[in-house]
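Beneath this line is the structure, given in structure tokens, with notes to follow.
Numbering (the working numbering), first residue to last: 75 to 379.
What follows is the structure, given as structure tokens:
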């Protein structure tokens, strides 16, 4: 049987019914309804005291943590864990959305989840004129969009020209609330779109060496005179070094957030092995026993190969 959930039905702003023939969509819709109803019960009078006390503000950290846990599971290619963690992300986003609906019901500034999802669908259609003939983005669409890079360039053009999201600086599109490493990466990518980027890898690498030299010089100044001014200068130079390293990673095609997450996991695994071996062998974990700890560290490293 032919599916009724096609491109034309997607373009309908409201009231689109997913046909029973599309079993996957129907199951997903039913499962989401169960989640939504569960959240309504938890937030209702007589529901869970903890859930009822939460607000969009108090849920911010939970949302961030769940997203990072989902990323970690995906990075580990652990499908069952990814399913669980992405489920938690759905829980947090749906619960926060329901809180905004409750605000609206109280006469405060809010919105309903269906409004948010409708707006999302309309935005995606608008920004994919190369897929949807009826897309509002067609007015500024590039012809024969074939590559991912061309799609992203067209996406930005639609945001600016069709949606009126033109800003004073392209960097303003990067949220200030992003973790510093991620924000540096995103700002560099935005700047590169405007042509502000080295054409090759070598000057990017040279910049790291330049910044490292400046860090060494600033550190020497702190050793000679540990004034607050010198310490602030050292912190600034270390920041520049990190920024240059992020840029180098970007030029190499490496996401620094994912790379740093992998490095943290690797350090955790090796260091806990060192702790375990020191305990088993009666080795006190102090500076004087660094050689022995290095030996255990190398054992952990060798076991990974």
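Where a beta carbon is used, it is the ideal one built from N, C-alpha and C, also for glycine. These numbers were taken from a predicted model, which means no experiment stands behind them.
Residue nearest to residue 344 in terms of C-alpha spacing, selected from 369, 314 and 138: Among 369, 314 and 138, the Cα nearest to that of residue 344 belongs to 369.
Option nearest residue 214 by Cα separation, candidates 356, 229 and 294: Answer by Cα proximity: 229.
Closest Cα partner of residue 287 within the set 96, 318 and 131: Among 96, 318 and 131, the Cα nearest to that of residue 287 belongs to 318.
Cβ distance (whole Å) where residue 282 is taken to contact residue 322 below 8 Å: About 6 Å; that satisfies the 8 Å criterion.
CA-to-CA distance, residue 255 to residue 331, given in whole angstroms: Residue 331 and residue 255: Cα-Cα distance of roughly 7 Å.
DSSP state of residue 275 mapped onto helix, strand, coil: In the structure shown, residue 275 sits in coil (DSSP, three-state: anything other than H, G, I, E or B).
Length of the line joining the Cα atoms of residue 382 and residue 144: Because the chain is modelled from 75 through 379, residue 382 falls outside the range shown and cannot be assessed.
Same chain only: Cβ atoms within 8 Å of residue 129, ignoring 5 sequence neighbours per side: 173.
Exposure label - residue 308; buried when at least 16 CB within 10 Å: Residue 308 comes out buried.
4-residue-minimum alpha helix (DSSP H) runs that sit fully inside the segment 186-238, ordered along the chain: With a minimum length of 4 residues, the continuous alpha helix (DSSP H) runs that stay inside the segment 186-238 are 187-200 and 222-235.
Beta carbon of residue 25 nearer than 7 Å to that of residue 217: Summary: the structure shown does not reach residue 25, with the chain confined to residues 75 through 379, and so no result is reported for it.
Span of the alpha helix (DSSP H), counted from its first residue to its last, around residue 268: From DSSP, residue 268 is part of no alpha helix (DSSP H); its letter is neither H nor E.
Backbone CA spacing between residue 182 and residue 295 [nearest angstrom]: The C-alpha of residue 295 is placed about 56 Å away from the C-alpha of residue 182.
Close-in-space but distant-in-sequence residues of the same chain around residue 163 (CB under 7 Å, 5 per side omitted): Excluding positions up to five away in sequence, the list reads 140, 141 and 144.
Alpha-carbon to alpha-carbon, residue 285 and residue 278: If you draw a straight line from the Cα of residue 278 to the Cα of residue 285, it is about 11 Å long.
Residue 374 versus residue 349 - alpha carbon distance: Using only the alpha carbons, I get a separation of about 11 Å.
C-beta atoms of residue 202 and residue 219 nearer than 7 Å: It is not a contact, given that the beta carbons lie outside the stated cut-off.
Helix, strand or coil at residue 152 according to DSSP, with G and I counted as helix: Residue 152 sits in coil when the DSSP states are folded into three classes, being neither helix nor strand.
Residue 325 beta carbon less than 7 Å from that of residue 275: Result yes, Cβ atoms of residue 275 and residue 325 sit closer than 7 Å.
Environment of residue 200 [buried if 16+ CB atoms lie within 10 Å]: By the neighbour-count rule (16 or more Cβ atoms within 10 Å), residue 200 is buried.
CB contact flag (residue 239, residue 233, <7 Å): Here residue 239 is near residue 233, since their CB atoms are less than 7 Å apart.
Which of helix, strand or coil DSSP assigns to residue 101: Helix.
Cutoff 7 Å; reference residue 291; Cβ partners in own chain excluding five residues on either side: Around residue 291: no qualifying Cβ.
Beta-carbon proximity of residue 328 to residue 258, cut-off 7 Å: Contact flag unset, no.
Classification of residue 297 by the beta-carbon crowding that lies within 10 angstroms, buried from 16 upward: Result: exposed.
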